[in-house]
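Undergrad: Pasting a structure here, questions to come.
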Amino acid sequence: MIIGVDVVFIHVKNPEKMAEWYQEKLGLEIDHKTPDLGWQEFKMGDERPITRFALDYGGTNPSQVEQQPIVISFKVSNIKSAVEQLEQKGIEFFGEEKISDVGPTLVATFKDPEGNFLQLSQRK
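Per the numbering used here, residue 26 is the first one in the sequence shown, and the count goes up by one each step.
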């Protein structure tokens, strides 16, 4: 079912400013942006498999960013099947649709028993 870690992303208050910092200070190169979602994804080399690193707009409310600064998104080859398998094990997913279309990726978000956000993701 899970075939790797797809993306680790950090919720930030100011995606543009933070992207500049990661570019200037760490030398990371922007690979993909989804401005309407506040998503800044960095190029992490050409080796396969690639684990992606990104910044995600977490809102202007400080507690929203502080409560969930990091999300681990697990790569799956068939997100619909993976969601069904986890639901059979008692996992509850967020949203009426469960699977969201966010730019180049389909995602399904859930929490672990301690409230940490996790995702399944499938690249289109």
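The C-beta atom is built at its ideal place from N, Cα and C for all residues, glycine as well. All values reported here derive from a predicted model rather than from experimental measurement.
Tell me which residue opens and which closes the alpha helix (DSSP H) that S102 is part of.
TA: Per DSSP, S102 belongs to no alpha helix (DSSP H) and is neither H nor E.
Undergrad: Quick check on this structure: which residue in P138, F99 and V101 has the alpha carbon closest to the alpha carbon of E117?
TA: Per the Cα distances, P138.
Undergrad: Give me the Cα-Cα distance between M43 and T59, rounded to the nearest whole angstrom.
TA: Computed Cα separation, rounded: 15 Å.
Undergrad: By how many angstroms is the C-alpha of N39 removed from the C-alpha of G115?
TA: So the two alpha carbons sit approximately 35 Å from each other.
Undergrad: Over what stretch of residues does the alpha helix (DSSP H) that includes K136 continue unbroken?
TA: Unbroken run through K136 is the beta strand (DSSP E), T130 to K136; no alpha helix (DSSP H).
Undergrad: Would you identify the three-state DSSP class for K50, choosing helix, strand or coil?
TA: DSSP places K50 in helix when its eight states are reduced to three.
Undergrad: In the structure shown, what three-state DSSP assignment does D126 receive?
TA: It is a strand residue.
Undergrad: Which same chain residues end up closer than 6 Å to N141 when comparing Cβ atoms and leaving out the 5 residues on each side of it in sequence?
TA: Hits under 6 Å: none found.
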